[in-house]
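Numbering-wise (UniProt numbering), the sequence shown opens with residue 1 and increments by one.
C-beta: ideal position from N, C-alpha, C; glycine also.
A short write-up of the structure that comes next.
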Amino acid sequence: MQVKSRHHLRTDEIDTLTAEIEHTTGVALDADAYELVELDGVSYNVVLADDNLDIVRFDDEPFLTVQGANRYNPTRSVVTVDAGAISFVSNGADVMRPGIVDAETAIDAGDFVLIVEETHNKVLAIGRALVDGDELIGDSGKVVESIHHVGDDLYSFSV
């Protein structure tokens, strides 16, 4: 990934960004500086909060990165998986119903979600829900598409 451009966000852009992150994840970001980094060759951009890779913009929608989610304590958009799913999810696999032990019913199909492991409450991946929250738990079927996970190019990105 090549950096195409970098620039600091204006106050109104920061206000909008932080309000959206707090609404979707329950995390109140409080950084001194926010810098948009536009990248070549990928479908997303990142926002550095005090030089930390905490925010990604997929389809121009801001959401926490795996690192950002693990730096804070997200309370919304959380899907919890069991120990048997950890190795699969950490390697970028989509999430299947049998691996989910808990999910918020407020999640709508198409929402970004944080995929968390149940033992240590660590975020393993970011995904997009394919069904509503009350349909995430069950016996079979793919229900969350993985879009960012521990060890992928975004996780390994440094400026």
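Assign residue i to one of three DSSP states: helix, strand, or coil.
| i | result |
| --- | --- |
| His23 | helix |
| Gly133 | helix |
| His120 | coil |
| Val3 | strand |
| Val159 | coil |
Taking just the CA atoms, how far does residue j sit from residue i?
| i | j | result |
| --- | --- | --- |
| Leu17 | Ala31 | 12 Å |
| Thr65 | Ser90 | 14 Å |
| residue 185 | Ala109 | Outside the shown range of the chain (1 to 159) lies residue 185, about which nothing can therefore be said. |
| Ala93 | Glu35 | 30 Å |
| Asp139 | Glu13 | 42 Å |
| Glu38 | Val56 | 10 Å |
| Val81 | Glu135 | 15 Å |
| Val46 | Leu53 | 7 Å |
| Val123 | Ile86 | 10 Å |
| Pro98 | Ala125 | 17 Å |
| Thr105 | Thr75 | 13 Å |
| Thr11 | Gly133 | 34 Å |
Pull up the DSSP beta-bridge partners for residue i, would you.
| i | result |
| --- | --- |
| Leu154 | According to DSSP, which records beta bridges pairwise, Leu154 is partnered with nothing at all. |
| Asn96 | Looking at the sequence shown, residue 96 is not Asn but Met. In DSSP, Met96 forms a bridge with Lys142. |
| Asp102 | Thr80 |
Here's the rule I'm using: 16 or more other beta-carbon atoms within 10 Å means buried, otherwise exposed. How should residue i be labelled?
| i | result |
| --- | --- |
| Ser146 | buried |
| Thr119 | exposed |
| Ser77 | buried |
| Glu117 | buried |
Got a sec: does the ligand GDP put a non-hydrogen atom nearer than 6 Å to the Cβ of residue i?
| i | result |
| --- | --- |
| Gly133 | Here there are no bound small molecules, and the ligand GDP is not part of this structure. |
Within 7 Å (strictly less), CB to CB, does residue i reach chain C?
| i | result |
| --- | --- |
| Val95 | Going by chain labels, chain C is absent from the structure shown, which holds only one protein chain. |
Quick one: complete alpha helix (DSSP H) runs, 4+ long, within the segment 8 to 92?
11 to 25, 66 to 71 and 86 to 90
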